[in-house]
Amino acid sequence: MESNSALTPREKEVVDLLRRGFSNKAIAAHLGVGLDTARRHVSRVKQKTGVRSVIALPGGDLPDHPGWLERLDLGGVHLSPAESRVLRLLCHGRGSKDIARLLQISPRTVDKHREHLLDKFSCKSTRQLVAWIAGQYAKCGMANSSGES
Numbered sequence: 001m002e003s004n005s006a007l008t009p010r011e012k013e014v015v016d017l018l019r020r021g022f023s024n025k026a027i028a029a030h031l032g033v034g035l036d037t038a039r040r041h042v043s044r045v046k047q048k049t050g051v052r053s054v055i056a057l058p059g060g061d062l063p064d065h066p067g068w069l070e071r072l073d074l075g076g077v078h079l080s081p082a083e084s085r086v087l088r089l090l091c092h093g094r095g096s097k098d099i100a101r102l103l104q105i106s107p108r109t110v111d112k113h114r115e116h117l118l119d120k121f122s123c124k125s126t127r128q129l130v131a132w133i134a135g136q137y138a139k140c141g142m143a144n145s146s147g148e149s
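Numbering (UniProt numbering), first residue to last: 1 to 149.
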């Protein structure tokens with residue numbers, strides 16, 4: 001993600017809400033603006049930060065190397081290897097078609113794994129799920145560890 005220096009104060013507030021997993025509707029309610037206004041703010045944030053998907057915002061600090069997800073406290077939730085692979089890619093803002101190409105599976109299979117992940121973590125959206133995972137990563141101390149590869 002590029003620097004936030006070009007963001008307005010309102011857009012910085014929107015970034016914070018997105019990182020916390022807020023939906024466009026929740027952002028509108030929190031800011032006291034209409035849904036269309038919230039969508040415009042989110043669109044400008046995407047343009048200015050260079051992210052393909054706002055889902056990538058909370059996961060921006062997550063590592064690319066395998067193994068980090070398995071070290072998190074997932075609250076007793078058991079993930080299949082396939083769900084773990086899909087979740088790692090979701091956390092980096094990848095869409096279903098992109099994940100399907102990378103994992104050489106059907107986009108419908110990716111959507112099914114996403115559905116199972118949302119159910120297992122009691123999340124209403126992928127945005128909310130990725131924000132929760134990013135929060136767990138921040139709590140675990142791996143981000144502050146030196147020598148991680």
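Backbone N, C-alpha and C fix where the C-beta goes; we use that ideal spot for every residue, glycine too. As the structure is a prediction and not an experimental result, all values here were calculated from the model.
DSSP places D64 outside any alpha helix (DSSP H), giving it a letter other than H or E. Counting along the chain, the unbroken alpha helix (DSSP H) around H30 starts and ends at N24 to L31. In the three-state reduction of the DSSP assignment, I105 falls in the coil class. Here V42 has V14, L18, N24, I27 and V54 as same chain residues with Cβ atoms under 8 Å from its own Cβ, once five neighbours each way along the sequence are excluded. Distance from the CA atom of R114 to the CA atom of I99, rounded to whole angstroms, is 11 Å. About 7 Å separates the beta carbons of L89 and L102, which is inside the 8 Å limit, making them a contact pair.
If you compare the alpha carbons of G21, P9 and R10 with that of L129, the shortest gap goes to G21.
Considering only V77, H78 and K12, the residue with the shortest C-alpha distance to K46 is K12. In this structure S96 does not touch D119 by the C-beta definition: roughly 17 Å separates them, more than the 8 Å allowed. Residue burial is scored here from C-beta neighbours: A131 has at least 16 other C-beta atoms within 10 angstroms and is therefore classed as buried. Here D73 carries a coil assignment [DSSP, helix/strand/coil]. In the three-state scheme derived from DSSP, where H, G and I count as helix and E and B as strand, A82 is classed as helix.
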